[in-house]
Every structure is written in C-alpha cells, then in structure tokens.
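Only one structure is covered here, and it is reproduced in the block below.
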Amino acid sequence: MGEFIRVHIDQEKCKSPDEVKAWASVCPVGIFKVHDGKAYVVEENEDECTFCGLCLQVCRSGAVTIEKLYE
Ligand code: SF4
11 MGEFIRVHID
21 QEKCKSPDEV
31 KAWASVCPVG
41 IFKVHDGKAY
51 VVEENEDECT
61 FCGLCLQVCR
71 SGAVTIEKLY
81 E
C-alpha cells in the first residue's frame, strides 16, 4: 500500500480480460500491471497517482477506487 494514496481493484468486478487490458494501460504513471487477464496494483508506484481519473473513466465496471490517505 502507498503511504499517501491507496489504489484498490475489486477483483469481483474485474471480469473481462479485454476491458482490464484497456483501462490498466491508460495509467500514465504505471500503477497497474496485468497478469493472466487480471489487473494488479504496483504498490511501489501507488503514491505516484496524480488523480488524473483516466482509469476511472475507462474502467466501465467500477472496479477501481482511489483513496487519499491524508487530509
Ligand atoms: S487516476 Fe490516473 S494516475 Fe491515478 S491510477 Fe488512475 S490512471 Fe493512474
């Protein structure tokens, strides 16, 4: 988990390998990796999230949530 930002993937909502590939590749700072049709968070990159919202727009199943761990 990142120190300042937590990016979470709900694997139950993450069913379509093609869709996973599409949204996991849009992240400009490499937060996601794809393996066997499933997306995972690259934890060492998590704090690099810029809140650009691209992954949230492209993922139609709502599997991704992003949380600030600071005020
Ligand atoms: S909001 Fe932007 S920077 Fe953050 S994980 Fe999604 S695509 Fe990557």
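Last residue of the sequence shown? That's 81 in the numbering used here, and every number before it is there in order. For glycine and all other residues, C-beta sits at the position ideal for the given N, C-alpha and C.
Under the criterion of a Cβ to heavy atom distance below 7 Å, does residue i qualify as lining the ligand SF4?
| i | result |
| --- | --- |
| residue 63 | yes |
| residue 75 | no |
| residue 19 | no |
| residue 44 | no |
| residue 39 | yes |
Should residue i and residue j be called a contact, given that it needs their Cβ atoms to be closer than 8 Å?
| i | j | result |
| --- | --- | --- |
| residue 29 | residue 41 | no |
| residue 71 | residue 31 | no |
| residue 15 | residue 73 | no |
Could you tell me the distance, in whole angstroms, from the CA atom of residue i to the CA atom of residue j?
| i | j | result |
| --- | --- | --- |
| residue 64 | residue 77 | 15 Å |
| residue 69 | residue 44 | 14 Å |
| residue 51 | residue 67 | 17 Å |
| residue 35 | residue 54 | 17 Å |
| residue 79 | residue 27 | 29 Å |
| residue 17 | residue 11 | 8 Å |
| residue 81 | residue 46 | 36 Å |
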